[in-house]
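Down below is the structure, laid out as structure tokens.
Numbering (my numbering), first residue to last: 217 to 431.
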């Protein structure tokens, strides 16, 4: 029963979602708006609860065992609770929450602290991408050589140096992005879509059961 009941739910809901999409009847549309959207909100709430639990257990365990980088977990806890107090401190009469809310604006903390830190973190990825590209763009095979040549042309065509070398280079880059690149992207998206359809049908029909977990 523990495994059969989830399979019945997956089959029923999958079938109903297919029917409401391909047969847009007012009843099916009402079912989608009332049942699916409301249940999505409920599931999202539980998701946040489990996310907070996972966050707390992971960082508390790291701090207790003094693992490498445990101080970053302390900073994470301080930042989270500081932002929470800045956002909800006005509902706490007196205390440090009200003090933080009064003297530290939540929007300012987000725009001038969180956003720059996030941008800094993502900007560091450029160096890792460059390192990976250097290793991947070695002309060992015909495919790697083609990738290397194409990437070099696109990079040169996107900077003023390339245009100064040859005025027609930006047009070549635009052609590469508009036709070969777009064709490859569409092929990948079609493949992903077919894979999603196949996986969904396997779940609906009960063939794929790995999402049920262990016995």
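No residue lacks a Cβ here, since even glycine has one placed at the ideal position from N, Cα and C. Since we're looking at a predicted model, the values are computed, not measured.
| Item | Value |
| --- | --- |
| Assuming residue 269 is part of the alpha helix (DSSP H), what are its boundary residues? | 253-280 |
| Return the residue from the list 296, 316, 295 that minimises the CA-CA distance to residue 305. | 316 |
| If you draw a straight line from the C-alpha of residue 301 to the C-alpha of residue 294, how long is it? | 11 angstroms |
| Any idea if residue 373 is buried or exposed, counting beta-carbon neighbours within 10 angstroms, 16 or more meaning buried? | buried |
| Going by the CB atoms, is the gap between residue 428 and residue 222 shorter than 7 angstroms? | yes |
| Among the candidates 380, 382, 350, whose CA atom is the shortest distance from the CA of residue 367? | 350 |
| Does the distance from the C-beta atom of residue 279 to that of residue 289 stay below 7 angstroms? | yes |
| List the endpoints of the continuous alpha helix (DSSP H) containing residue 426. | Unbroken run through residue 426: none, as it is neither H nor E. |
| On the three-state DSSP scale, how would you describe residue 387? | helix |
| Who are the Cβ neighbours of residue 226 in its own chain at under 7 angstroms, not counting the five residues just before and after it? | 419, 420 |
| Which residues in the same chain have their Cβ closer than 8 angstroms to the Cβ of residue 330, if we skip the five residues on either side of it in sequence? | 299 |
| Please state the DSSP three-state secondary structure of residue 303. | helix |
| How long is the line joining the alpha carbons of residue 284 and residue 336, rounded to whole angstroms? | 22 angstroms |
| Count the other C-beta atoms from every protein chain shown that fall within 10 angstroms of the C-beta of residue 333, then say buried if there are 16 or more, exposed otherwise. | exposed |
| In chain order, what are the residue ranges of uninterrupted beta strand (DSSP E) at least 3 long that sit wholly in the segment 309-359? | none |
| Alpha carbon to alpha carbon, how far is residue 361 from residue 354? | 7 angstroms |
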